[in-house]
Amino acid sequence: MNPPFFFSSGRGLTVREIGELTKATLRAGADPERRISGIAALDRATIRDLTFLDRGRFVEKAGASVAGACVTTEGLAPRLAERVCVLCVAEPYRAFVEAARALFPEALRPSSLFDASGVAATALVHPAALQRRSDRWLHRSPTAPRAEVGSGTLIGAGAVIGPNVRIGRNCSIGARASITNALLGDRVIVHPGCSIGQDGFGFVMGPRGHRKVPQVGRVIIQDDVEVGANSTIDRGGVRDTVIGEGTKIDNLVQIGHNVTIGRNCIIVSQCGISGSCTINDHVVLAGQVGLADNVTIGEGAMVGAQSGVSADIPAGEKWFGYPAMRGRAYMRGIMKLQQLAAGRKRGVDLNAAGDMDDHPADKG
Amino acid sequence: MNPPFFFSSGRGLTVREIGELTKATLRAGADPERRISGIAALDRATIRDLTFLDRGRFVEKAGASVAGACVTTEGLAPRLAERVCVLCVAEPYRAFVEAARALFPEALRPSSLFDASGVAATALVHPAALQRRSDRWLHRSPTAPRAEVGSGTLIGAGAVIGPNVRIGRNCSIGARASITNALLGDRVIVHPGCSIGQDGFGFVMGPRGHRKVPQVGRVIIQDDVEVGANSTIDRGGVRDTVIGEGTKIDNLVQIGHNVTIGRNCIIVSQCGISGSCTINDHVVLAGQVGLADNVTIGEGAMVGAQSGVSADIPAGEKWFGYPAMRGRAYMRGIMKLQQLAAGRKRGVDLNAAGDMDDHPADKG
Amino acid sequence: MNPPFFFSSGRGLTVREIGELTKATLRAGADPERRISGIAALDRATIRDLTFLDRGRFVEKAGASVAGACVTTEGLAPRLAERVCVLCVAEPYRAFVEAARALFPEALRPSSLFDASGVAATALVHPAALQRRSDRWLHRSPTAPRAEVGSGTLIGAGAVIGPNVRIGRNCSIGARASITNALLGDRVIVHPGCSIGQDGFGFVMGPRGHRKVPQVGRVIIQDDVEVGANSTIDRGGVRDTVIGEGTKIDNLVQIGHNVTIGRNCIIVSQCGISGSCTINDHVVLAGQVGLADNVTIGEGAMVGAQSGVSADIPAGEKWFGYPAMRGRAYMRGIMKLQQLAAGRKRGVDLNAAGDMDDHPADKG
């Protein structure tokens, strides 16, 4: 790939070191001492780069690759020229990621931009009482006007941290994020521009105007959560808005008041989760999904891109469509429709369109 | 609920005081002197909290509640144990909100985070000429490079207020909002991260590039409007973008140039309103609705979640679907489709999916 | 229109000057020395304003206009009263825009709000090494912690520019934008609140948690690109995210990692472009469109509003629907459906709904 202006891998790793890290088998003839300092897609990789080859569109281009090293399966290895050091594993992408993490440890969480560590001078942390502690945080009087920030946490330029907010250890808070009325655990990553903890959207409607409903809950963000750029998480009205441990949220996502999200969920970009929804552990919502308020999504369920969900979804099911339906019901309906409209001459390609509910989180 | 770290209700209210405020009838045996200092959902409420019981999922849990007080209807009152002070009213949620407003007056509008009142030291108000006035504002030469801010208005940390912007009295401008080319009335709430008054998206397209169309209109935001976090409102091109009195806008909403929105509308999260649309008074747009440009929505109309509207909608109608259609036409079509696709064995549950056009604004 | 508090056209232009600029023919009786200082829509234009009359809803109101001057076609000219100076051209709106650009040159790109030129005092540009250069930029050691900004570039209040970022000449970076890991060309406009260059959303999923994938690519934004308010552009994972020359992006758009967008594309508000998509030159995506990851959109293709695209779209085609289909296939299907559901009594108005794929970018 092009010179990595923004990340440097230091001395890099040898092919042998990568092999040990990923428990790979080196193809005969591979130079175990070749030094790798970068990562790149197969078509861009140079002699200094590690790449990977998996099923998919790159298989036919594999023969032309001049990558320094490539992790792939035993079956695909013959596709790569002898000049490439080939490392064989069962799951090439997973192995590639492990090597990439070792090559670029500083890319595993955002920096504060203007400081090697700690709180950027331009961050607005309320007020003077910034404390770095080895213990997570001390419980304090609820009225003490102080924010607490754990050791190792970075707070980016221009970020705004409101009164009484508590942020755990080794977090990264992005530039220009605002966080109020919230408690954050350890290793939480909040990307730039997020707004967390503002009023939920609650009104009692009436013909002569809408009465604002006080929102006195909080936002609780547990350990290892990541929140994408410019996303919004409202604080609760009469309960807390809770984001469970390990859940990853993409950019421009809206999370309404009183929402509870479980552990290790994936919420892709531009999803909208209305107030008081309950999302259980390991749920995946693909991009631009909308949930009506008070919906419950069962553990491990997946919802396809752009779906509109107004009914509860049982655990483990895949739903898709507008309105969302179980499995391929929506797609089957659309296919039927196309047959009717075209006199059965042309249906939509069910396989192509069905990709919309494929796995969204791992896009390299 | 959990200790309210971020809001304190002071001395609270007695059950008697809540009864007077909400014009409720106390159930026999209720202690009128019990003191209430918090609010909570029924399943979380403690002896110090007020809660409410209405139709819906909490009715079956009501017997277990240990809330200090509960507003409900005469009909539902017997569901609550004797330990709960029960206040009977016709509209429990409305009464609950009135009591909550009295308990938490400071939650009725956002603070400036870093000051008890006024403009945060870190807000960037253009330039030196900040004035607090009891009169709304003085008309001035159009070229005077000064912003004016009314008395009682709070401007949050890191907010950016451009030249000549005028903001009325008792407004709250959120952290990191940017406001340019705009005039705001009184009691306007702008949540964190909003961008108001930047260029509309106007280009004359051509094969060799797109010519930018100058955008010389303004944004006019009338009294009592609320704009959610990270929402965007473009200024007009050849007319003004206008948001009418009392209209409430949720997070991540896009409002294009030249749009006119009437009074007391509700625009739920992630709606996109294209350029030059006209939305009349009391319109409700549920979440993720998209309007094509130049569409007119009649007074009191409602548009269901995720609908795509490219035709004018007459006053008072409910539309839903993609493309949006009157009433349940879209849902009837989808149901018919499912019957056809499944050989009539399984249709979609019309009642469940029909909830998507339910009332979105009042989610507790 | 109302007094333009925020933009002033200086001395303005005479009708004769506007005629020369737009190669228009003046209608007999028009006063070539009438001075025009503003622009407005036809129903708002005063004696000092230029307006335009084209096909559409304003034709019937044309007779009542008191505009100082109006560009229109020969065919529509008789609709305007004698008091209006009429300028006849083949393409009225295009001519109007050229005159507007001449009247309001300062509206062609955003100012830095707090400075006549250059970098706002409150912008956070990393670190001390800000340089204005007549040459575009010097290539430097990848580890040098310095951002470079070209001559004539404005950086708005509160903007955050990360280490090693390079910004070309005559750009405008909006208030509170954050830009990291990115290289920008000349004349790029970034509106307020954008987040550019943060981590892409890449995880290797697993039952015990998701492993973050290092994102070591960059964001490359070529000359004359415009990015709307609060939009997000993630940097690449293993390649760069690239936005081609002249492409215009509206507000609240999400662009995932590794995406390549060609030249002169139009991406309307709230579109979501998943990781590794390829969008060729001159593509138009209407509002709220979603692309699944790895989709390719051919040159000159158009995608209608709210469409969900999971298959490649060939060059020059128009697709629409959920899932997106070629031409009017989706609409034909929906129409057929309505006929079936209603016993053929009422179909949807295909012409009205078909407007959803109309041209979105030029809304005045």
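Chains as they are written, first to last, in this note's numbering: chain A, 1 to 364; chain B, 1 to 364; chain C, 1 to 364. We treat Cβ as the ideally placed atom computed from N, Cα and C, and that holds for glycine. Predicted, not measured: the structure shown is a model, and the values here were computed from it.
Pull the bridge partners of residue i from the DSSP assignment, please.
i	result
residue 304 of chain B	DSSP lists no partner for residue 304 of chain B.
residue 104 of chain B	Residue 104 of chain B pairs with nothing; no bridge assigned.
residue 248 of chain B	B:226, B:266
residue 215 of chain B	Partner(s): none; residue 215 of chain B has no beta bridge.
residue 288 of chain C	Bridge partners of residue 288 of chain C: none, in fact.
residue 331 of chain A	Per DSSP, none; premise fails for residue 331 of chain A.
residue 375 of chain B	Lying outside 1 to 364, the shown extent of chain B, residue 375 of chain B is not represented and no answer is given.
residue 166 of chain B	B:148, B:183
residue 271 of chain B	According to DSSP, which records beta bridges pairwise, residue 271 of chain B is partnered with nothing at all.
residue 325 of chain B	B:320
residue 14 of chain B	B:35
residue 203 of chain C	C:212
Kindly say whether residue i, judged by its beta-carbon, lies nearer than 7 Å to any beta-carbon of chain C.
i	result
residue 232 of chain B	yes
residue 191 of chain B	no
residue 280 of chain B	no
residue 58 of chain A	no
residue 104 of chain A	yes
residue 320 of chain B	no
residue 184 of chain B	no
residue 337 of chain B	yes
Would you verify that the beta carbon of residue i is, or is not, closer than 7 Å to some beta carbon of chain B?
i	result
residue 198 of chain A	yes
residue 129 of chain A	Here residue 129 of chain A scores only 34 on pLDDT, less than 50, and its place in the model should not be relied on; the value that follows carries that caveat. So no, residue 129 of chain A is outside the interface.
residue 169 of chain C	no
residue 236 of chain C	no
residue 178 of chain A	yes
residue 285 of chain C	no
residue 212 of chain A	yes
residue 53 of chain A	no
residue 239 of chain A	yes
residue 340 of chain C	yes
residue 39 of chain C	yes
residue 138 of chain A	Confidence at residue 138 of chain A is low in this model, with a pLDDT of 31, below 50, so its placement is unreliable and no value can be given for it.
Is residue i close to chain A? Criterion is C-beta to C-beta, closer than 7 Å.
i	result
residue 330 of chain B	no
residue 361 of chain C	Summary for residue 361 of chain C: the model assigns pLDDT 41, below 50, so the residue's position carries little reliability, and this model does not support an answer.
residue 160 of chain C	yes
residue 225 of chain B	no
residue 172 of chain C	no
residue 181 of chain C	yes
residue 31 of chain B	no
With residue i and residue j assumed to form a contact (beta carbons below 8 Å), what rounded beta-carbon distance in angstroms separates them?
i	j	result
residue 192 of chain C	residue 198 of chain B	6 Å
residue 50 of chain A	residue 39 of chain A	5 Å
residue 22 of chain B	residue 52 of chain B	Not a contact, Cβ separation roughly 10 Å.
residue 307 of chain B	residue 320 of chain B	5 Å
residue 230 of chain A	residue 230 of chain C	5 Å
residue 34 of chain C	residue 85 of chain C	6 Å
residue 304 of chain B	residue 286 of chain B	5 Å
residue 182 of chain B	residue 159 of chain B	Actually they do not touch by this definition, with Cβ atoms about 13 Å apart.
residue 254 of chain C	residue 272 of chain B	Rounded, the Cβ-Cβ distance is 13 Å, inconsistent with contact.
residue 164 of chain C	residue 6 of chain A	6 Å
residue 110 of chain B	residue 8 of chain B	That belief does not hold up - the Cβ atoms of residue 110 of chain B and residue 8 of chain B are roughly 16 Å apart, past 8 Å.
Count Cβ pairs between the segment 100 to 108 of chain B and the segment 149 to 165 of chain B that sit closer than 8 Å; are there 3 or more? no
Ranges of the alpha helix (DSSP H) found wholly within the segment 17 to 57 of chain A, counting only runs of at least 4: none
With three or more C-beta pairs closer than 8 Å as the rule, is the segment 206 to 223 of chain B touching the segment 208 to 225 of chain A? no
Three or more C-beta pairs closer than 8 Å, one from the segment 274 to 284 of chain A and one from the segment 273 to 290 of chain C: is that the case here? no
Does the segment 237 to 247 of chain C come into contact with the segment 262 to 277 of chain A, if we say contact requires no fewer than three beta-carbon pairs (one atom in each stretch) closer than 8 Å? no
Count the CB pairs spanning the segment 77 to 88 of chain B and the segment 54 to 67 of chain B that are closer than 8 Å, and state whether there are at least three. yes
For the structure I just gave you, are there three or more beta carbon pairs, one from the segment 242 to 253 of chain B and one from the segment 203 to 211 of chain B, closer than 8 Å? no
Which full runs of the beta strand (DSSP E) of 3+ residues lie inside the segment 52 to 90 of chain A, going along the chain? As far as the segment 52 to 90 of chain A is concerned, its whole beta strand (DSSP E) runs of at least 3 residues are 69 to 72, 85 to 88.
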